[in-house]
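Heads up, the thing below is written out as structure tokens.
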Amino acid sequence: MSAQADLRGRLDRCSINTATLGYQRPLGCTIDAIARAGFGWLAPWRRELEGLQPSAVARQIKDAGLQVSGYCRSTYFPALDRAAFEAAVADNCQAVEVAAELGA
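And the structure:
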């Protein structure tokens with residue numbers, strides 16, 4: 177065997193990007209399902225947190241025994257004018273704050 181870690185049977189060291197599950201269930205159900213499957217990490221998408229309190233989601237993730245590997249999909253920066261560019265920057269700053277609150 178090589179010097180690399182053998183990950184067979186170690187889903188706890190793997191992460192699920194929640195978009196790959198198709199946004200078919202509320203984020204809370206997705207968190208629980210990922211934990212039950214034995215994964216150790218997840219990367220939720222911003223759209224899944226819309227209308228939710230990041231602190232409550234962070235608590236649910238932690239209580240499920242999971243960690244956050246990333247927080248997906250920030251706003252792109254191309255804009256037709258300065259105001260649109262500044263709005264995109266502000267939106268990205270908000271995403272970074274939420275990512276930090278989630279522990280990403």
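The working numbering puts the last residue of the sequence shown at 280; the count rises by one with no breaks.
Ideal Cβ placement from N, Cα and C applies to all residues, glycine included.
Checklist entry - The beta strand (DSSP E) with residue 197 in it runs from where to where? => result The residue you call residue 197 lines up with position 21 of the sequence shown. No beta strand (DSSP E) contains residue 197, which DSSP labels as neither H nor E.
Item to check | Delimiting residues of the alpha helix (DSSP H) encompassing residue 280 | outcome: Taking the first residue of the sequence shown as position 1, residue 280 is located at position 104. Premise fails: residue 280 is in no alpha helix (DSSP H) and is neither H nor E.
Checklist entry - Is the distance from the Cβ of residue 237 to the Cβ of residue 197 below 8 Å? => result To locate residue 237, count along the sequence shown from 1; it is residue 61. To locate residue 197, count along the sequence shown from 1; it is residue 21. Not a contact, by the Cβ cut-off of 8 Å.
Checklist entry - Candidates 184, 263 and 223: which alpha carbon is nearest residue 253's? => result Position 77 of the sequence shown holds residue 253. Nearest option by C-alpha distance: 263.
Next on the checklist: Please return the same chain residues whose Cβ sits closer than 7 Å to the Cβ of residue 210, not counting the five positions on each side in sequence.
Outcome noted: Position 34 of the sequence shown, counted from the start, is the residue given in the question as residue 210. Within the same chain, residue 210 has close Cβ partners 192, 218 and 242.
Checklist entry - Could you check where the alpha helix (DSSP H) with residue 211 kicks off and where it finishes? => result Start at 1 with the first residue of the sequence shown, and residue 211 comes out as number 35. Looking at the DSSP string, the run of the alpha helix (DSSP H) that includes residue 211 is 203-212.
Checklist entry - Roughly how far, in whole angstroms, is the beta-carbon of residue 248 from the beta-carbon of residue 220, given that I think they are within contact range, below 8 Å? => result The count along the sequence shown starts at 1 and reaches residue 248 at position 72. The count along the sequence shown starts at 1 and reaches residue 220 at position 44. With a Cβ gap of about 7 Å, residue 248 and residue 220 count as contacting.
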